[in-house]
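Novice: My questions all concern the structure below.
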Amino acid sequence: MNLPQAFLQRMQALLGEEFPAFLACYDSPHLRGIRLNPLKCTEEKLREAFPFPLEPTPFSPLSFYYPAQGEKPGALPLHHAGAFYSQEPSAASAVTALAPRPGERVLDLCAAPGGKSTQIAALLGGEGLLWSNEVVRSRANVLLSNLERMGVRNAVVSSCRPDVLCSALGGFFDRVLVDAPCSGEGMFRRDGQAVAEWSEEHVRSCAVRQGAILDSAVQALRPGGTLVYSTCTFSPEENEETVSAFLSRHPDFTLGETGLAGGRPGFFGLGETRRIFPMDGGEGHFVALLRRQGEAPAAAGEEPAPASASTRAAAREVWDTVFRAPLPELPLLEAGERILLLPRGLPSLRGLGVLRAGVAVCERKGRRCEPCHSLFMAARPQKLRLCLDLPLDSPQLAAFLHGEELDVPAQWRGYCGVAAAGVLTGFGKCSGGRLKNRYPKGLRTL
Ligand code: SAM
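Residue numbers for the sequence shown follow numbering that gives the first Met the number 0, beginning at 0 and rising by one.
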């Protein structure tokens, strides 16, 4: 592999006698990993269905290695269904350190494509709030699609500048993750573009940007809250130096232990931070945990004005055709053509580039209202009135993901979930023994 000479010299200076072991890793393929999504699937089911053996990683109990020679798993039906997320193994370390608990409010400030956000959502277990922000609008769409695929109900997805977002949401979060844009040295084995873009100047400019993002992030965190800073690069300027500079600018923060088992202590006197190199079983990550001193509850949310009677009636009508149990008593919001079922305790969403909040229940189409794909992705098959559960190797499942109609029992009428081995992957509408396919066109297989 052709790596920049200046990069190699810097790594030699950083690693000393471990440098040959580091360099030797570049002769073998990069490590592959997936992360179980416990919101939709169990480890037992994933192990049974995954075509390759899964080995645990030291970075998260949800994260597993699979063999490098294995096919990429993105085309598997369980991937479409959101049972797992493809993620480089060491990337799971930052959220393990963040350790969000059900009921908390968590901000993921640099969130696309959503690897860490979907892991936070898994640990929140549907309780509390995840706010996933991505400043680049086109990347925010990918983030939204991944959160929907993974069945996340309690998230807000926005595309906003960190300084604007964090000053509007002052003291609102218990935990904040800054997985910062970086020079990506830990991506070199799998991303030629990162190698091509690398320069010492790029490293320096990334460090400046990281400091600015962290300075914004502090505003959103309540006193007593936890901030995790992570990168997928090795340069000290973007890691220990960024953290040291942050600590001198913010004396109300202290460095804490990450609690991570994988990797090794950080350098330059910052042994509480964690570094992961390819010889530690990950492509490369740096994780620092920073605690804000003091203690205060997170700032209060703002209950939205109650939805109009016609909004609630429209949502209820669709809900009742899909589910056995009644519509939960949660706030509803009419956003464009869609009606959203919101998590409780949200702040005002105005002016923050919000793309989606909560679950889109239904969409108005002229005088009709139809359920949304995300409603089924976030549901459990046993809660639905109708569900067609298909084996993973069934031709009908492949046909459904391809966008085709399916045969169903003649007496089935109305909206029907479609599951892959018990994991919901979409829906259709049944009548006359046929299921009309509502799998979104952009997600269909070729
Ligand atoms: N956390 C993501 C995950 O696990 O999937 C990966 C995040 S990636 C390392 C950093 C993100 O920061 C990118 O999506 C990038 O678009 C975004 N970004 C770029 N410039 C930024 C800025 N000035 N402020 C905040 N985020 C920025």
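Glycine included, C-beta positions come from ideal geometry on N, C-alpha and C.
So residue 214 is in the alpha helix (DSSP H); what residue range does that whole segment cover?
Specialist: It spans 199–219 - the alpha helix (DSSP H) in which residue 214 sits, taken as one unbroken run.
Novice: Taking the runs of the beta strand (DSSP E) that are 3 residues or longer, which of them lie wholly in the segment 385–413?
Specialist: Whole beta strand (DSSP E) segments, 3+ residues: 386–389.
Novice: For residue 143, collect the residues of the same chain with a Cβ closer than 7 Å to its Cβ; drop the 5 residues on either side in sequence, then sort them by chain order.
Specialist: Excluding sequence neighbours, residue 143 sits near 156, 354, 355.
Novice: Tell me the DSSP bridge mates of residue 284?
Specialist: Bridge partners of residue 284: 275.
Novice: Quick one: measure Cβ to Cβ for residue 339 and residue 360, integer angstroms, because I've assumed they're closer than 8 Å.
Specialist: Contact flag correct, Cβ pair sits at about 7 Å.
Novice: By the 10 Å Cβ neighbour count, where 16 or more other Cβ atoms means buried, how is residue 189 classified, buried or exposed?
Specialist: It is exposed - the Cβ of residue 189 has fewer than 16 other Cβ atoms within 10 Å.
Novice: Ligand 1 heavy atoms versus the CB of residue 113: any closer than 7 Å?
Specialist: Yes, since a heavy atom of ligand 1 falls inside the 7 Å radius drawn around the Cβ of residue 113.
Novice: Specify, as a first and last residue, the run of the alpha helix (DSSP H) that residue 191 falls within.
Specialist: Per DSSP, residue 191 belongs to the alpha helix (DSSP H) from 191–196.
Novice: Please classify residue 399 as buried or exposed, where buried requires at least 16 neighbouring CB atoms within 10 angstroms.
Specialist: Buried, since its Cβ has 16 or more Cβ neighbours within 10 Å.
Novice: Would you identify the three-state DSSP class for residue 39, choosing helix, strand or coil?
Specialist: Coil, per DSSP.
Novice: Is it buried or exposed, residue 179, if we count other Cβ atoms within 10 angstroms and call 16 or more buried?
Specialist: Result: buried.
Novice: Quick one: using the 10 Å Cβ neighbour count with 16 as the cut-off for buried, is residue 405 buried or exposed?
Specialist: With 16 or more other Cβ atoms within 10 Å, it is buried.
Novice: Regarding residue 301 and ligand 1, is the C-beta to nearest heavy atom distance less than 7 Å?
Specialist: False, no ligand heavy atom lies under 7 Å from that Cβ.
Novice: Evaluate residue 78 with the Cβ neighbour count: other Cβ atoms within 10 Å of its Cβ, from every protein chain shown; 16 or more gives buried, anything less gives exposed.
Specialist: The residue in question, residue 78, is buried, as its Cβ has 16 or more Cβ neighbours within 10 Å.
Novice: Hey, is residue 208 close to ligand 3, as in C-beta under 7 Å from one of its heavy atoms?
Specialist: Ligand 3 is not part of the structure shown, which contains ligand 1 as its ligands.
Novice: What is the C-beta distance between residue 30 and residue 64, in whole angstroms, given that I count them as a contact (C-beta under 8 Å)?
Specialist: Right, the Cβ-Cβ distance comes to about 6 Å (below 8 Å), so this counts as a contact.
Novice: From what residue to what residue does the beta strand (DSSP E) around residue 137 run?
Specialist: No beta strand (DSSP E) holds residue 137; the alpha helix (DSSP H) holding it covers 136–148.
Novice: Expressed to the nearest angstrom, what Euclidean distance is found between the alpha-carbon atoms of residue 10 and residue 194?
Specialist: Spanning the two alpha carbons is a distance of roughly 14 Å.
Novice: Going by beta carbon distance, what residues of the same chain come within less than 8 Å of residue 120, once the five residues before and after it are set aside?
Specialist: Cβ within range, chain order: 38, 129, 146, 149, 151, 153, 154.
Novice: I want to know whether the segment 46–54 touches the segment 105–119 - three or more CB-CB distances under 8 Å.
Specialist: No contact exists between the segment 46–54 and the segment 105–119.
Novice: Can you tell me whether residue 14 is helix, strand or coil according to DSSP?
Specialist: It is helical.
Novice: Within the continuous beta strand (DSSP E) that includes residue 162, where are the two ends?
Specialist: Per DSSP, residue 162 belongs to no beta strand (DSSP E); it is in the alpha helix (DSSP H), 161–167.
Novice: Please classify residue 376: is it buried, with 16 or more other beta-carbons within 10 angstroms of its beta-carbon, or exposed?
Specialist: Result: buried.
Novice: Could you check what DSSP says for residue 364 in three-state terms: helix, strand or coil?
Specialist: It is a strand residue.
Novice: Answer yes or no: do residue 273 and residue 259 have a C-beta to C-beta separation smaller than 8 Å?
Specialist: Taking 8 Å as the Cβ cut-off, residue 273 and residue 259 qualify as a contacting pair.
Novice: Run the CB neighbour count on residue 312, radius 10 Å, all protein chains shown included, and call it buried at 16 or more, exposed below.
Specialist: So residue 312 counts as exposed.
Novice: For residue 288, tell me which candidate among 331, 131, 434, 174 has the shortest Cα-Cα distance.
Specialist: The shortest Cα separation from residue 288 among 331, 131, 434, 174 belongs to 174.
Novice: Which same chain residues end up closer than 8 Å to residue 296 when comparing Cβ atoms and leaving out the 5 residues on each side of it in sequence?
Specialist: The answer, listed in chain order, is 221.
Novice: Would you mind stating whether residue 387 and residue 407 have Cβ atoms separated by less than 8 Å?
Specialist: Yes.
Novice: Nearest by alpha-carbon distance to residue 299: which of 47, 170, 182 is it?
Specialist: The option with the nearest alpha carbon to residue 299 is 170.
Novice: CA-CA distance, residue 263 and residue 115?
Specialist: Approximately 21 Å between the Cα atoms of the pair.
Novice: What are the boundary residues of the alpha helix (DSSP H) that residue 315 is part of?
Specialist: Per DSSP, residue 315 belongs to the alpha helix (DSSP H) from 308–321.
Novice: In whole angstroms, give me the CA-to-CA distance for residue 413 and residue 429.
Specialist: Spanning the two alpha carbons is a distance of roughly 5 Å.
Novice: What's the call for residue 253, buried or exposed, on a 16-neighbour Cβ count within 10 Å?
Specialist: Exposed, because fewer than 16 other Cβ atoms sit within 10 Å of the Cβ of residue 253.
Novice: Under 7 Å: does the beta carbon of residue 88 sit that close to some heavy atom of ligand 1?
Specialist: Checking every heavy atom of ligand 1 against the Cβ of residue 88, none is found closer than 7 Å.
Novice: At a threshold of 7 Å, does residue 155 count as lining ligand 1 (C-beta to nearest heavy atom)?
Specialist: Because no heavy atom of ligand 1 lies under 7 Å away, the Cβ of residue 155 does not count as near it: no.
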